[in-house]
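Visitor: Residue numbers (the numbering used here): 12 to 347.
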Amino acid sequence: MSVRLGFIGTGDLGADHVRRCANIISGATVSALYNRTQSRAEDVAQQFAPEARVTATPEELIESPLVDAVVISSASQTHEDLVLKAIQAGKYVFCEKPLATTAEGCERILHAESATGKRLVQVGFMRVYDEGYLNLKSLIDTKAIGSVLMAHAAHRNPTSGPHYTREMLMSETLIHDVNTFHWLLGESFIAAQVLYPRSTSKADAALQDPQLVILETESGVLIDVEVFVNCQFGYDVQCALIGESGEVRLPEPARATLRQNGQNHTAITMGCKERFEAAYDRELQAFVDGVAAGKLTGPDSWAGYVASATTDACIRAQKSGKREDIRLIPQPDVYR
Ligand code: ISE
Numbered sequence: 012m013s014v015r016l017g018f019i020g021t022g023d024l025g026a027d028h029v030r031r032c033a034n035i036i037s038g039a040t041v042s043a044l045y046n047r048t049q050s051r052a053e054d055v056a057q058q059f060a061p062e063a064r065v066t067a068t069p070e071e072l073i074e075s076p077l078v079d080a081v082v083i084s085s086a087s088q089t090h091e092d093l094v095l096k097a098i099q100a101g102k103y104v105f106c107e108k109p110l111a112t113t114a115e116g117c118e119r120i121l122h123a124e125s126a127t128g129k130r131l132v133q134v135g136f137m138r139v140y141d142e143g144y145l146n147l148k149s150l151i152d153t154k155a156i157g158s159v160l161m162a163h164a165a166h167r168n169p170t171s172g173p174h175y176t177r178e179m180l181m182s183e184t185l186i187h188d189v190n191t192f193h194w195l196l197g198e199s200f201i202a203a204q205v206l207y208p209r210s211t212s213k214a215d216a217a218l219q220d221p222q223l224v225i226l227e228t229e230s231g232v233l234i235d236v237e238v239f240v241n242c243q244f245g246y247d248v249q250c251a252l253i254g255e256s257g258e259v260r261l262p263e264p265a266r267a268t269l270r271q272n273g274q275n276h277t278a279i280t281m282g283c284k285e286r287f288e289a290a291y292d293r294e295l296q297a298f299v300d301g302v303a304a305g306k307l308t309g310p311d312s313w314a315g316y317v318a319s320a321t322t323d324a325c326i327r328a329q330k331s332g333k334r335e336d337i338r339l340i341p342q343p344d345v346y347r
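Structure (structure tokens):
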């Protein structure tokens, strides 16, 4: 039987998720849509799922008997409330990152979900489904480079748009790298520091773009991440880990090289939807399969909490200019 999905938020990424669940994911049906601007939800329904019901409120969608599971891609500030409502309704929920805008918000979700005795939430950290990252993970897990000592990463976007704030560099962008290292290394972080290189003239000076984040893990691995959201040239994600007996490096996405006019070109993707297209397909397939089996397997609320507790510390470090400690609450049993 097909899993009937209700989508809250049908903006750019939300509409893309509707498209993939209607056309690509097996075992799923798009049964309901909600968007703050209703006409947008109607257009997306028209395009990909004409049979789906467009609801007047997100609550109506969550409570609808037509919906088995909820997919949230609305604005980050709405996530916590909507996830809590889905948990209250006893429904599985896929929520785009961040799980909540603060670690305290994530804690409220951890409490509500763990009180039900089972996992209901999957967080949209799509990189853990990317083939290149999965390759890194298996090399690290099989100790191909021995114990990891340090890592270098870069997270670049071509442009950020006028709405982007200094804090969002941490809570919306860096958060992916934080979750990636949490998953790759299987450990959390104890401290964060933020350094400011010379700012680009191609973004508002108040953004202070780019920034360099230093994270320290529980076992002492040091990680530097360049976050640069107005690099101009592409959506570019880099990651290398150095161990006692070697280095592992994230491969570039497979793209043919073009030799022409005395040059050798390889295209760089320009956005996350293109760079991580296959990973988005796999994460939603995993969610639908998890709902059908009654057991979710993707990134859980604990991963969402660790990521937000860490980016909260980075935001404190942006302001203080100091090394900020990261302290986590005990991990509830349901996430072990
Ligand atoms: C956006 O929300 C994403 O999730 C992208 O992956 C990230 O690169 C971008 O900086 C965020 O704004």
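By construction, the Cβ of each residue, glycine as well, lies at the ideal position given by its N, Cα and C atoms.
The structure displayed is predicted, hence computed values, not measured ones.
1. Can you tell which of Ile186, Gln57, Gly197 has its C-alpha closest to the C-alpha of alanine 203?
2. What residues in its chain sit with their C-beta under 6 Å from that of phenylalanine 200, if we drop five residues either side in the sequence?
3. Report yes if the C-beta of threonine 184 is less than 7 Å from at least one heavy atom of the ligand ISE; otherwise report no.
4. Report back the beta-carbon spacing between cysteine 250 and leucine 147 to the nearest angstrom; my notes put them in contact at under 8 Å.
5. Between which residues of its own chain and tryptophan 313 is the CB-CB distance below 8 Å, once the five residues before and five after are set aside?
6. Could you check where the beta strand (DSSP E) with glutamate 70 kicks off and where it finishes?
7. Please name the residue in Ile36, Asp23, Gly17 whose C-alpha comes closest to that of leucine 295.
8. Using 10 angstroms around the beta-carbon of glycine 128, count the other beta-carbons present and answer buried if the total reaches 16, otherwise exposed.
9. Considering only C-alpha positions, which residue in the set Gly143, Gly25, Gln58, Cys117 is nearest to alanine 290?
10. Could you tell me if alanine 278 is buried or exposed, where buried requires 16 or more neighbouring beta carbons within 10 angstroms of its beta carbon?
11. Give me, in chain order, the residues of the same chain whose beta-carbon lies closer than 7 Å to that of lysine 213; leave out the 5 immediate sequence neighbours on both sides.
12. What span of residues does the alpha helix (DSSP H) with aspartate 247 cover, start to end?
13. I need the straight-line Cα distance from cysteine 106 to alanine 216, nearest angstrom please.
14. Where does phenylalanine 354 sit, in a helix, a strand or coil, going by DSSP?
15. Is it buried or exposed for proline 76, if we count other Cβ within 10 angstroms and need 16 for buried?
16. Going by CA-CA distance only, name the one from Ala318, Gln133, Leu252, Pro173 that's closest to glycine 157.
Guide: Put simply:
1. Locating residue 203 in the sequence shown gives position 192, where the first residue counts as 1. The candidate whose alpha carbon is nearest that of alanine 203 is Ile186.
2. Along the sequence shown, read from residue 1 onward, the residue named residue 200 stands at position 189. Cβ neighbours of phenylalanine 200 beyond the five flanking positions: Leu226, Thr228, Thr321, Ile337.
3. Residue mapping note: residue 184 aligns to position 173 of the sequence shown, counting from 1. Flag set: Cβ of threonine 184 near the ligand ISE.
4. What you label residue 250 is simply residue 239 of the sequence shown in a count that begins at 1. What you label residue 147 is simply residue 136 of the sequence shown in a count that begins at 1. With a Cβ gap of about 7 Å, cysteine 250 and leucine 147 count as contacting.
5. For the purposes of this step, residue 313 is taken as residue 302 along the sequence shown, with counting starting at 1. The residues are Leu121, Gln342, Pro343, Tyr346.
6. Numbered from 1 along the sequence shown, position 59 holds the residue referred to as residue 70. From DSSP, glutamate 70 is part of no beta strand (DSSP E) but of the alpha helix (DSSP H) over 69 to 74.
7. By one-based count along the sequence shown, residue 295 stands at place 284. Measuring from the Cα of leucine 295, the nearest candidate turns out to be Ile36.
8. Locating residue 128 in the sequence shown gives position 117, counting from the first residue. Exposed: under 16 other Cβ atoms inside 10 Å.
9. Counted from its first residue, the sequence shown places residue 290 at position 279. The candidate whose alpha carbon is nearest that of alanine 290 is Gly143.
10. By one-based count along the sequence shown, residue 278 stands at place 267. So alanine 278 counts as exposed.
11. Locating residue 213 in the sequence shown gives position 202, counting from the first residue. Hits under 7 Å: Asn241, Gln243.
12. For the purposes of this step, residue 247 is identified with residue 236 of the sequence shown, where counting begins at 1. Segment 247 to 254 is the beta strand (DSSP E) holding aspartate 247; no alpha helix (DSSP H) there.
13. Along the sequence shown, read from residue 1 onward, the residue named residue 106 stands at position 95. Along the sequence shown, read from residue 1 onward, the residue named residue 216 stands at position 205. Looking at the two C-alpha atoms, the distance is approximately 32 Å.
14. A query on residue 354 cannot be resolved here, the shown segment of the chain reaching from 12 to 347 and no further.
15. The residue given as residue 76 occupies position 65 in the sequence shown. By the neighbour-count rule (16 or more Cβ atoms within 10 Å), proline 76 is not buried but exposed.
16. Working through the sequence shown from its first residue, we reach residue 157 at position 146. That would be Leu252, whose Cα lies nearest to the Cα of glycine 157.
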